[in-house]
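For reference, the structure discussed in these notes is given below.
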Amino acid sequence: MKATRIAGKLLTRVLVLLAGAFGPMAFAATVVEYVNTADFPTAPGGHYFYSADVGEQALVDSGAVGRFERTGLVFYTGGDTAVCRFYGSVSPGPNSHFFTANADECAGLRSLQVVPTPADRQQWNYEGLGFNVVPQASNGSCPAGAIQVHRAYNNGFSRGVDSNHRYSTSRDALDALVSSAGWVHEGVVFCTQLPAGQAPLISEALSCGTLASAGGLVSGNQTQPLQRHTLDLAKFPDAQCNDGTAAVIYFRPYSGVANRDKWVLQLQGGGGCGMGDACAARWCSVDDNFGMTQMTANVAPPKNINGLGILARAPEVNEAVSNPHGHYNHVFLRYCSSDGWAGTRRDASFIAAHPHSLQPVNMRAHFLGSKILDAALATLRQEGVAPLQYGYGTPTALPDLDDAQEVLLAGASAGGGGVTSNLDRVREALRATNTRCTAQSCPLVLRGLVDSHFSPSLLDLDLSRSSSCQQFGACTAEALLSYQKTLGQGLLHQPRLDQSCLEQLSPLGTDWKCFDDTYVLRNHLTTPFFLRMGLTDSLLSRNQIEAQLGLPGQPPFTLETWAQKVRADLLALANIRQTAVERAAMGTVPGVYGPVCSKHETLRSNEDTYGVKVRVSGVDWTMFQVWGQWTANQTPASIVSSSMTDAVCPGDGIAF
């Protein structure tokens, strides 16, 4: 196992001590996969290690042998075939572990071993039997109840780096390494028995995983980018993506002492799936511009991402554009749960049609977006974990979120849904532990920023012509939202929605309304929030226009009539303290920015964050200029386009 060469030696010695103290290795139910985060710069695609021993797992989880983190992927012990475990020479290498269930391969490597290991010899050193597995048939197939384990090789010998192999029940996970990091798929090497009654994960059941054509992240090239941190599954076991991989955040500390306790937390968007068939299609990017990119951490940039949009910082963005949060602590939470950051459900099993063959496939997935957010907040609050260490420029520890004086929780699209579902809950959680708050007062300022997540509420619309009415008889908002609650995402995700909405409406039997985020924003969100919504949002408008939705007594929406409805709803927020269900608890009228622009999800774009302008009485207003008016309790705190010619929309080509 390669953390450093010294750490590799340390681990080998500790394992000998463990074996001597406890006798034969005690097997856990699972073989845990670890990745060495210190190796990303020198090991393209990562450096992986596997352990089935509970004592060894505890040692690795403690950090005593280097910077190893659980990826979240596991396979299971059991069967009558033993797996040989080898460790390469620390120096001159290969400083890595190798596992094989092939008796001939095991015997061949053992026959080449010189004992004791010469200091100048590269060789694999036999450590013993690691665990037992199920053998595959000659054609690579597995017996009933077992699934294939594939092996990939990093081509280390020819590339001048330590050889390393990755073992995975997900062919798609290995294919991502083959396509992006130069690894080689070596085939099926053994089978793993699933626990009785457990369906394979979506990544194990499907091998058609496809990267998304939209919403992906790329590695950064800024001098001070946002640095990757994988959430610790040993401490936060629910911080898992759809496929069980550990969720990822990216962070950058503040600049300037005045900004030490000021934060921006941005939830990434990326659609979602509320039914089994839709989730399978999403994994394989069939009839969807999203894909497995939004369902796994396997394809997350391994080191960093650029700070863009609301996370832009000079010199990457000119100070003249005036990002009011440019020098705050920046945290970007990568989206991989397909549940709008609301899910709380592990191991949701379902039968879905294979996206290509249409044959029924049994599978499971995790929908834990709300729990991922919890784990990220606990990490930033240093709850049982060390401060995150930033390694670009002068090494800096990220401050404690519990010391915060100002926090912005922002999100676009599905990220905006995450803000809607979680903002009030996050406010209460952060106030409860904030060092500035007392029983008498709490100076912590928390605000929300919601982008591209304010379609016309279904409660206002005629659904009699809609696809939901034609396909399964959901011809009213109540029928459709009740269906989503009982048979759609309410069942699949077990979402944690805005609590006050549920408390107000559950006794009345109308809590199905809480599944309509526009309704929640207009009636139940009591934490101050700012709403940015393009009047011709390309994705949201298309969804409702293609569904044949419209206002009662009127034809189905066109882009023009849809934009008119969105504009009216944005302007109506000025009266929220008179119209909302929870108006008595709303101390601040929302800020609003509604350009007649079509770009969906704008908060990670410099062009769309700073280049969009709405002209009012000869004055051009950007979003953050209106934001500044709103936070200062000045006017105008609401700017909405009134014509097709009063806004500058970079890259737009809208025509009615």
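Positions 7 to 662 (my numbering) are the ones given, in order, by the sequence shown.
Ideal placement from N, C-alpha and C gives every residue a C-beta, glycine not left out.
As the structure is a prediction and not an experimental result, all values here were calculated from the model.
Selected residue, minimal CA-CA separation from residue i, among the options
i: Thr567; options: Asp523, Pro462 and Ala590; result: Pro462
i: Met369; options: Ala416, Glu552 and Gly151; result: Gly151
i: Ala220; options: Asp430, Ser291, Arg258 and Asn265; result: Ser291
i: Leu383; options: Phe163, Asn428 and Lys605; result: Asn428
i: Met281; options: Thr236, Leu237, Ser355 and Gly417; result: Ser355
i: Leu565; options: Val432, Val602 and Arg177; result: Val602
i: Ala179; options: Gly162, Ser144 and Thr216; result: Thr216
i: Ala569; options: Ser649, Leu414, Ala287 and Asp59; result: Ser649
i: Ala435; options: Ala381, Gly421 and Leu487; result: Ala381
i: Thr615; options: His360, Gly166 and Ser328; result: Ser328
i: Pro401; options: Ser147, Gln233 and Ser623; result: Gln233
i: Gly278; options: Asn248, Ser604 and Arg583; result: Asn248
i: Ala286; options: Ala253, Pro124 and Glu210; result: Glu210
i: Ala240; options: Gly166, Val391 and Val195; result: Val391
i: Gln388; options: Leu546, His53 and Pro405; result: Pro405
i: Leu465; options: Gly417, Gly496, Asp522 and Arg471; result: Asp522
i: Leu452; options: Lys268, Val167 and Ala44; result: Lys268
i: Ser623; options: Ala586, Ser647, Glu607 and Pro393; result: Ser647
i: Phe74; options: Glu613, Asp59, Thr43 and Thr198; result: Thr43
i: Gln490; options: Leu467, Arg502 and Trp518; result: Trp518
Residues bridged to residue i [DSSP beta-bridge criterion]
i: Gln199; result: Ala152
i: Gln4; result: Because the chain is modelled from 7 through 662, residue 4 falls outside the range shown and cannot be assessed.
i: Ala252; result: Gln246
i: Glu75; result: Val41
i: Tyr93; result: His103 and Asn131
i: Asn310; result: Gln233
i: Trp289; result: None; Trp289 has no bridge partner.
i: Met369; result: Phe356
i: Gln119; result: Answer by DSSP bridge pairing: none, since Gln119 is not bridged.
i: Ile645; result: Tyr599
i: Ala179; result: Note: Ala179 sits in no beta bridge, so no partner.
i: Arg258; result: His336
i: Ser57; result: Val38
i: Val194; result: His156
Outcome for residue i when other beta-carbon atoms lying within 10 angstroms are tallied against a minimum of 16
i: Asp345; result: buried
i: Ala202; result: exposed
i: Thr641; result: exposed
i: Ala113; result: exposed
i: Phe535; result: buried
i: Val190; result: exposed
i: Val22; result: Residue confidence for Val22 is low, a pLDDT of 30 falling below 50, so the modelled location carries little weight and cannot support an answer.
i: Val263; result: exposed
i: His362; result: exposed
i: Asp238; result: buried
i: Arg340; result: buried
i: Asn639; result: exposed
i: Ser644; result: buried
i: Thr251; result: buried
i: Leu487; result: buried
i: Pro206; result: buried
i: Phe28; result: Bear in mind that the predicted position of Phe28 carries a pLDDT of just 28, short of 50, making it unreliable; the figure below should be weighed with that in mind. Phe28 should be labelled exposed.
i: Pro561; result: exposed
i: Thr441; result: exposed
i: Gly51; result: buried
i: Thr444; result: exposed
i: Asp353; result: exposed
i: Asp110; result: exposed
Distance between beta carbons of residue j and residue i, contact taken as under 8 Å
i: Val270; j: Ile316; result: 6 Å
i: Gln411; j: Pro449; result: 6 Å
i: Ala218; j: Gln272; result: Not a contact, Cβ separation roughly 18 Å.
i: Gln128; j: Gly99; result: 6 Å
i: Arg621; j: Asp575; result: The pair is not a contact, with the Cβ atoms about 22 Å apart (cut-off 8 Å).
i: Thr77; j: Glu39; result: 5 Å
i: Arg431; j: Gln505; result: 6 Å
i: Phe630; j: Met539; result: That belief does not hold up - the Cβ atoms of Phe630 and Met539 are roughly 16 Å apart, past 8 Å.
i: Tyr173; j: Asn131; result: Rounded, the Cβ-Cβ distance is 19 Å, inconsistent with contact.
i: Ala306; j: Val254; result: 5 Å
i: Leu541; j: His606; result: With 8 Å as the limit, Leu541 and His606 do not qualify as a contact, their Cβ atoms being about 12 Å apart.
i: Ala49; j: Asn170; result: 6 Å
Min CB distance residue i to chain D below 7 Å
i: Val618; result: Protein chain content of the structure displayed is limited to a single chain, and chain D is not contained in it.
State whether the stretch 528–535 contacts the stretch 444–463, with contact taken as three or more CB pairs (one from each stretch) at a distance under 8 Å. yes
Are three or more beta carbon pairs between the stretch 164–184 and the stretch 258–269 nearer than 8 Å? no
Three-pair Cβ contact test at 8 Å for the stretch 73–91 versus the stretch 135–153: yes
Can you find at least 3 beta carbon pairs, one from the stretch 474–482 and one from the stretch 332–340, that sit closer than 8 Å? No contact exists between the stretch 474–482 and the stretch 332–340.
Check whether the stretch 146–160 touches the stretch 57–75, taking contact to mean three or more Cβ pairs, one atom from each stretch, closer than 8 Å. no
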